[in-house]
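Trainee: Protein chains in written order, with this note's numbering: chain H, 1 to 357; chain X, 1 to 357; chain W, 1 to 357; chain B, 1 to 357. Glycine included, C-beta positions come from ideal geometry on N, C-alpha and C.
There are 4 protein chains.
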Amino acid sequence: MFNSFGELFRFTTFGESHGKAIGVIVDGVPAGLDFDEEFLQNELDRRKPGKNRFATQRKESDRAEVLSGVFEGKTTGTPIAIVIFNKDQKSKDYSNIKDLFRPGHADFTYWNKYGIRDYRGGGRSSARETAARVAAGAVAKMLLKELNIDIKAGVIEIGGVRAKKEDYEYAKTSPLFALDEKAEEKWIELIDEKRNEHNSLGGVVKLKIDNLPVGLGEPIYYKLDNVLASAMVSINAVKGIYIGNSEAHKLTGLENNDEITKEGFLSNNAGGVLGGISNGESVEAEIYFKPTPSIFKTQKTVDIYGNEVEVDLKGRHDPIVAIRGSVVVEAMAACVIADMLMLNMTRRIDYIKKIYQ
Amino acid sequence: MFNSFGELFRFTTFGESHGKAIGVIVDGVPAGLDFDEEFLQNELDRRKPGKNRFATQRKESDRAEVLSGVFEGKTTGTPIAIVIFNKDQKSKDYSNIKDLFRPGHADFTYWNKYGIRDYRGGGRSSARETAARVAAGAVAKMLLKELNIDIKAGVIEIGGVRAKKEDYEYAKTSPLFALDEKAEEKWIELIDEKRNEHNSLGGVVKLKIDNLPVGLGEPIYYKLDNVLASAMVSINAVKGIYIGNSEAHKLTGLENNDEITKEGFLSNNAGGVLGGISNGESVEAEIYFKPTPSIFKTQKTVDIYGNEVEVDLKGRHDPIVAIRGSVVVEAMAACVIADMLMLNMTRRIDYIKKIYQ
Amino acid sequence: MFNSFGELFRFTTFGESHGKAIGVIVDGVPAGLDFDEEFLQNELDRRKPGKNRFATQRKESDRAEVLSGVFEGKTTGTPIAIVIFNKDQKSKDYSNIKDLFRPGHADFTYWNKYGIRDYRGGGRSSARETAARVAAGAVAKMLLKELNIDIKAGVIEIGGVRAKKEDYEYAKTSPLFALDEKAEEKWIELIDEKRNEHNSLGGVVKLKIDNLPVGLGEPIYYKLDNVLASAMVSINAVKGIYIGNSEAHKLTGLENNDEITKEGFLSNNAGGVLGGISNGESVEAEIYFKPTPSIFKTQKTVDIYGNEVEVDLKGRHDPIVAIRGSVVVEAMAACVIADMLMLNMTRRIDYIKKIYQ
Amino acid sequence: MFNSFGELFRFTTFGESHGKAIGVIVDGVPAGLDFDEEFLQNELDRRKPGKNRFATQRKESDRAEVLSGVFEGKTTGTPIAIVIFNKDQKSKDYSNIKDLFRPGHADFTYWNKYGIRDYRGGGRSSARETAARVAAGAVAKMLLKELNIDIKAGVIEIGGVRAKKEDYEYAKTSPLFALDEKAEEKWIELIDEKRNEHNSLGGVVKLKIDNLPVGLGEPIYYKLDNVLASAMVSINAVKGIYIGNSEAHKLTGLENNDEITKEGFLSNNAGGVLGGISNGESVEAEIYFKPTPSIFKTQKTVDIYGNEVEVDLKGRHDPIVAIRGSVVVEAMAACVIADMLMLNMTRRIDYIKKIYQ
């Protein structure tokens with residue numbers, strides 16, 4: 001709860017955007033796993049801002065330091081603490097946003113909930129927190145790799161323009177994590193246009209999980225799909241999720257049901273989940289990101305004293321958060337799957353006997 | 001986890017569709033609350049099947065029996081157990097579905113996950129389980145009533161046909177819980193048409209929560225919106241959720257940001273949630289239901305021995321689950337809000353002092 | 001939390017002493033387990049009052065009804081709800097205790113905590129609640145039986161008189177669950193004497209768990225021993241627990257350390273637990289029960305209006321709760337072990353591979 | 001679970017004895033609390049080894065660094081991460097213990113549970129982990145101070161020699177945290193004697209909590225006393241706990257019951273807890289510590305290859321862990337009480353209304 005996620009594979013994050021450090025404790029990681037510190041850093045680098053003009057130019061070194069839980073290259077079963085010190089922590093001038101609430105941001109709600117707010121760059125509500133999620137996700141992926149489970153994500157829609165295909169190979173090297181090279185061209189135009197207007201864009205990320213065993217997901221309230229929904233909507237700027245065919249609510253039962261043969265399902269409208277449990281098909285979901293709230297236009301707001309004021313933001317921000325969000329989607333999905341794998345192991349007496357006899 | 005939901009207002013459900021009983025233990029209900037047993041029964045009656053031709057004709061008496069936690073008309077702070085005995089539990093003939101997996105149902109995944117399956121009417125994965133949720137939600141609503149928090153839901157889309165308005169008053173008496181009388185006429189036609197074709201329909205439920213205090217929702221992983229997402233997607237047949245304006249991902253930041261004045265927000269694209277915390281506006285969300293998987297057409301499937309077979313279902317089923325799902329949406333939302341109210345109380349030292357000094 | 005116990009093998013109890021029913025939902029039970037309903041009833045019968053003069057003469061039929069989670073004699077992986085209806089629920093006269101706080105009972109604290117109290121026979125704080133624990137424990141024992149794990153308990157001390165030996169076979173048929181036939185004779189004298197004086201006695205229960213695999217217990221805060229401590233001290237009237245040699249704090253390191261050989265440990269001062277993890281030796285613990293607070297002597301107290309009054313109890317009560325407490329100790333221990341078995345399965349990557357490859 | 005403790009005031013610790021760092025994330029701390037960093041350091045200094053000859057001479061700087069959750073001297077409601085870097089982390093020679101299991105230590109069980117073990121100074125099972133608990137406890141104490149709740153502990157017995165009085169003022173400045181100056185003299189003699197024999201001693205710590213409100217503790221499985229038991233037995237070397245009069249199991253009901261008057265209870269055999277809920281009297285408990293397992297005598301053991309070997313330990317160790325354990329007892333108790341305070345706030349509808357209306 002609060003700042004933790006997961007039951008058996010459980011991580012807890014901490015840190016504010018411009019505090020000393022952010023980090024994560026990943027608890028419940030099984031012992032004996034090869035810990036790939038380089039992979040961890042690579043994952044963080046994928047999320048890292050400042051790489052190109054489609055992400056904020058803020059410099060974050062995002063250098064992960066592993067403080068515990070790994071011994072001689074292997075996990076020991078004890079909690080893995082990973083910390084990222086904020087190098088770029090100079091005493092910036094926040095006087096223009098210190099006392100007022102930026103529209104679309106959590107300033108208003110944090111202030112009203114807690115009566116106090118770390119106003120430096122969004123504090124705890126900053127997207128910077130997602131670096132800690134990516135670190136946890138990297139550990140989860142090390143586990144999933146052992147079982148050949150493949151988690152991938154990419155951008156499928158920006159500003160209402162939809163990709164025509166889902167090319168996850170292409171997404172890997174695309175600066176936009178784009179699933180479609182053609183669509184990407186249009187997206188780049190759109191992004192450049194909106195950035196020049198000091199505006200921003202929303203988008204959709206597609207998640208795909210392959211090679212998942214049948215049986216993951218715990219009915220009734222810890223289903224694979226509802227936990228995925230929880231994980232995804234907890235990501236900054238995510239407003240919605242759809243599992244499987246995102247037109248399902250417009251279909252008839254005949255159109256939507258996936259018939260079954262010996263070779264598997266004849267279609268995958270279900271998105272790989274039936275009754276909250278993985279059915280062996282690819283788990284597929286769309287995740288909806290709102291546009292970056294940080295825009296450089298004059299907006300109406302109020303300050304903490306109740307005065308109506310106008311706000312003009314300055315600084316460096318992603319023109320569209322869905323792009324880097326794609327990396328966070330993968331990370332959260334990896335953590336959910338790791339958790340579900342461990343839970344599912346304990347659900348049958350024959351599995352229990354297999355371990356203890 | 002598993003069959004429990006919530007942290008402080010936590011309920012645990014049990015029961016199979018055609019077992020002896022279904023029920024719920026609601027734990028964490030504050031003491032001293034007037035317990036309205038009639039209201040509890042009314043809520044169950046709203047969800048009850050067999051009322052009209054838009055719901056399954058299965059007779060469920062759904063008579064709630066309160067076994068504990070209430071004394072002299074008030075809650076005592078101890079767990080409230082509510083049980084609904086399955087009156088209609090006669091030894092029906094399930095031989096036609098006993099050994100095979102109905103497409104679109106959880107038969108396949110339960111069998112593969114557990115190696116055993118209560119095949120009578122879906123067993124645990126039956127929508128019948130949602131009656132227990134509605135009972136828990138009724139208790140949550142008794143609590144919310146004390147704070148004048150108003151939770152309502154209605155059907156906003158069926159078979160791709162969208163309502164033009166959101167009339168929650170009308171929905172209360174509508175047989176379809178329809179938010180729009182005009183749309184309802186078309187929906188009824190559509191439903192009758194599809195039922196005659198032995199087919200079924202999907203739909204969308206709109207949730208609206210009014211008069212919520214600012215500050216509900218616990219960052220980062222127990223936000224108001226991600227817990228709502230978890231709650232909603234855990235409901236049978238729900239495949240997705242969108243908080244706030246469901247076009248947000250297509251908008252620009254300028255269009256999507258809700259500017260703020262002394263009187264409140266100038267728009268509510270955020271759906272009442274900023275940074276995962278309620279901002280005082282109405283909480284609004286759309287919940288997407290797939291079409292009822294029980295259709296009366298011949299479909300391909302396999303049996304538990306791996307043989308390819310054809311299945312022909314018989315029986316009584318909702319032509320569209322979104323309708324009764326609307327009641328379940330309200331119930332789950334009420335439970336989430338009750339939980340969030342209690343959590344939020346503990347988040348400020350001045351609140352703590354208010355209680356203990 | 002609240003009325004639930006355990007992480008993976010988790011049960012939730014409900015019910016008041018003189019309410020309609022008490023019961024339990026056991027969640028997380030693995031699928032495919034033979035469910036022995038007769039054994040469940042036998043376990044409840046062992047705890048049942050009214051069997052002899054060493055237990056309260058209150059008649060409790062304690063007839064368990066299984067409402068869910070079992071199909072064709074096997075567990076299905078879904079929650080097992082067990083309910084025991086209170087047959088003996090006649091409208092007794094509680095006017096003598098309705099408004100006052102019985103010394104040694106929870107009347108005072110429930111009233112002050114909740115502002116309301118079900119005064120009928122102790123309400124939720126009654127030892128009657130432990131029947132629900134015994135039901136959960138019976139399910140846990142069915143699981144442990146599959147792995148030949150043997151949980152037993154017996155009375156080792158009453159009124160300061162200590163048993164000289166630990167004969168768990170004798171305890172099974174002893175009316176006092178006594179571990180020592182000789183000591184039992186003295187205990188019976190002592191009990192008869194104190195009962196005649198309208199007084200009561202305290203005692204000590206010894207728990208012994210044999211054939212436990214090495215490795216159970218999750219550091220640092222879910223150790224085998226601290227969870228056992230939590231489980232035991234949660235039982236009504238239990239005030240303390242000691243794991244292993246209960247003189248350990250008086251010993252030197254040299255005396256207390258258990259040296260190790262190929263054949264195992266040379267002694268078992270540790271009580272089978274090192275660093276919170278089972279070491280393969282018998283898990284042993286002493287559990288300390290205070291004397292029954294219900295005595296039939298005039299005692300000073302106050303009423304809910306703050307007046308000083310005298311209280312004279314009537315009714316039927318155990319002269320010593322430790323006796324029946326012995327059955328509850330076993331039940332709670334069984335639940336803890338079941339939980340630990342399942343958790344431990346998930347702690348090594350080679351175990352995970354064993355299941356999924 | 002695993003490495004977390006508490007429900008609403010929840011902390012998670014990480015770190016190995018000779019790894020890079022140990023630390024803790026304290027989550028759930030209410031916002032607006034004055035954060036006293038000096039007090040935090042003082043608490044750590046109280047636990048710090050190397051201060052005198054009654055504690056290990058290992059040098060631990062134990063310098064706490066607060067990484068998050070505090071802004072301009074106040075808590076913000078976000079997780080407070082505290083890290084202590086291990087300065088004294090030189091590549092020591094562990095070849096003598098690397099492959100074998102020290103008697104009385106967790107080496108054997110960690111190895112067998114995880115199949116891998118950080119053998120440097122006990123790794124995760126080292127008492128060094130308790131520094132992280134003390135840091136969490138310091139934060140809890142900042143909260144309790146606001147309500148004038150006073151938590152104290154001291155040593156009441158060493159090597160079987162019992163204190164004659166409980167002088168918590170004296171304990172504060174005593175090098176042994178002794179509750180009795182006279183007993184302390186004898187204890188010092190005893191300690192010096194046993195240390196010269198390369199042996200060690202066990203002891204008992206007494207916990208006392210004053211000024212606690214009535215009503216803390218959540219029935220049935222999250223009672224004040226059973227959670228205290230869990231907290232205490234989770235501390236390294238603790239084997240048992242007794243709440244209230246530690247002779248209760250030898251008493252009769254008449255002797256043990258605490259009669260009640262307008263001014264309060266006439267005695268406190270209950271140790272301030274009735275039915276698991278605080279009754280307004282001092283909460284009192286005894287906590288039993290086994291002798292330090294690290295002794296400098298030749299002992300029999302086996303190595304990881306199954307060979308029987310003899311072990312001779314070298315190094316610096318506390319002759320008696322109960323002394324510094326006293327600080328950890330206070331810390332854990334503070335965390336439990338902070339948690340219970342927050343939980344209890346949510347248990348009455350009138351409390352809820354007090355916050356929201």
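Taking the straight line between their C-alpha atoms, what separation do you get for L8/H and S4/X?
Mentor: Distance between the alpha carbons of L8/H and S4/X: 16 Å.
Trainee: Just to make sure I have the definition right: I need the residues of chain B whose C-beta is within less than 9 Å of the C-beta of R124/H. Which are they?
Mentor: Within chain B, the residues near R124/H are S68, G69, T76, G77, T78 and P79.
Trainee: Take K186/W and list the residues in its own chain whose beta-carbon comes closer than 6 Å to its own, dropping the five residues that flank it on each side.
Mentor: Excluding sequence neighbours, K186/W sits near V161.
Trainee: Under the rule that 16 or more other beta-carbon atoms within 10 Å means buried, what is P175/B, buried or exposed?
Mentor: That one is exposed.
Trainee: For E37/X, return the contacting residues in chain H, with the cut-off set at a CB-CB distance below 7 Å.
Mentor: Here the premise fails: no neighbours, minimum Cβ distance about 25 Å.
Trainee: Between I337/B and L216/B, what straight-line distance do the alpha-carbon atoms span, to the nearest angstrom?
Mentor: If I take the Cα positions, the gap works out to 8 Å.
Trainee: Check each candidate in H18/B, S95/B and L179/B and name the one with the smallest Cα separation from S125/B.
Mentor: Checked all of H18/B, S95/B and L179/B; the closest Cα to S125/B is H18/B.
Trainee: With a threshold of 8 Å between beta-carbons, can K98/B be considered close to chain W, or not?
Mentor: Not one chain W Cβ lies under 8 Å of K98/B.
Trainee: Run down chain W in chain order and give the residues with a C-beta less than 9 Å from the C-beta of D27/X.
Mentor: Chain W residues near D27/X: M1, F2, N3, S4, T12 and F14.
Trainee: Classify V357/X: buried if its beta carbon has 16 or more other beta carbons within 10 angstroms, exposed otherwise.
Mentor: Sequence check: residue 357/X is Gln here, not Val. By the neighbour-count rule (16 or more Cβ atoms within 10 Å), Q357/X is not buried but exposed.
Trainee: Quick one, which of G325/W, V26/W and R10/W has its alpha-carbon nearest A178/W's?
Mentor: Minimum Cα distance to A178/W is reached at G325/W.
Trainee: Check K113/H in the structure and name its three-state DSSP category.
Mentor: Correct three-state label for K113/H: helix.
Trainee: Using the beta-carbon count (16 or more within 10 Å), is N226/X buried or exposed?
Mentor: Classification for N226/X: buried.
Trainee: Could you tell me which whole beta strand (DSSP E) segments of length 3 or greater appear in the stretch 126-194 of chain B?
Mentor: Correct list: 150-158.
Trainee: Applying the criterion that 16 or more other CB atoms from any shown protein chain within 10 Å of the CB defines a buried residue, is K182/B buried or exposed?
Mentor: So K182/B ends up on the exposed side.
Trainee: If we cut at 8 Å on Cβ distances, does T301/X have a partner in chain B?
Mentor: No, no contact with chain B.
Trainee: Going by beta carbon distance, what residues of the same chain come within less than 6 Å of A331/W, once the five residues before and after it are set aside?
Mentor: Result list for A331/W: R133, V134 and G137, in chain order.
Trainee: Which bits of chain B does P213/X rub up against, with CB to CB less than 7 Å?
Mentor: Per Cβ cutoff of 7 Å: Y356.
Trainee: Under 8 Å Cβ-Cβ, which residues of chain W neighbour D118/X?
Mentor: Under the 8 Å cutoff, chain W gives F71, T76 and T78.
Trainee: Provide the residue(s) that pair with I82/B in DSSP beta bridges, ordered along the chain.
Mentor: Partner(s): V24/B and V66/B.
Trainee: Going by C-alpha distance, which of G275/B, N256/B, I277/B and V309/B is nearest S267/B?
Mentor: For S267/B, the nearest C-alpha among the options comes from N256/B.
Trainee: Going by beta carbon distance, what residues of the same chain come within less than 6 Å of D99/X, once the five residues before and after it are set aside?
Mentor: The residues are D303 and I304.
Trainee: Can you pull the chain B residues whose beta carbon is under 8 Å from the beta carbon of Y114/H, in chain order?
Mentor: By Cβ distance, chain B contributes A31, G32, T76 and G77.
Trainee: Would you check if there are 3 or more beta carbon pairs closer than 8 Å linking the stretch 221-240 of chain B to the stretch 279-291 of chain B?
Mentor: Touching, per the Cβ criterion.
Trainee: What residue ranges within the stretch 258-296 of chain B form continuous beta strand (DSSP E) runs of no fewer than 3 residues, ordered along the chain?
Mentor: As far as the stretch 258-296 of chain B is concerned, its whole beta strand (DSSP E) runs of at least 3 residues are 283-289.
Trainee: Which residue from I243/H, I241/H, N269/H and G15/H puts its Cα closest to that of L254/H?
Mentor: Residue N269/H is the option with its Cα nearest to L254/H.
Trainee: Can you pull the DSSP bridge partners for R10/B?
Mentor: D27/B.
Trainee: Between which two residues does the beta strand (DSSP E) containing D225/X stretch?
Mentor: Per DSSP, D225/X belongs to no beta strand (DSSP E); it is in the alpha helix (DSSP H), L224 to V233.
Trainee: Can you name the residues that DSSP bridges to R348/H?
Mentor: Paired residue(s): A31/W.
Trainee: Have a look at K51/B and D45/B and give me their C-alpha separation to the nearest angstrom.
Mentor: Each residue's alpha carbon lies about 9 Å from the other.
Trainee: Going by DSSP, what residue range makes up the beta strand (DSSP E) through E308/B?
Mentor: First-last of the beta strand (DSSP E) with E308/B: E308 to V311.
Trainee: Please name the residue, chosen from M142/B, K172/B and D118/B, that lies closest to I323/B on a Cα-to-Cα basis.
Mentor: Taking only the C-alpha atoms, the option nearest I323/B is K172/B.
Trainee: Looking at the unbroken beta strand (DSSP E) that takes in D210/H, where does it start and where does it end?
Mentor: Counting along the chain, the beta strand (DSSP E) containing D210/H begins and ends at G203 to D210.
Trainee: Indicate whether at least one CB of chain X lies closer than 8 Å to the CB of A163/W.
Mentor: No, its Cβ sits nowhere closer than 8 Å to a Cβ of chain X.
Trainee: In three-state terms, what does DSSP make of S4/W?
Mentor: In this structure, S4/W counts as strand in the three-state DSSP scheme.
Trainee: What separation, rounded to the nearest whole angstrom, lies between the Cα atoms of V327/B and V155/B?
Mentor: Their Cα atoms are separated by approximately 10 Å.
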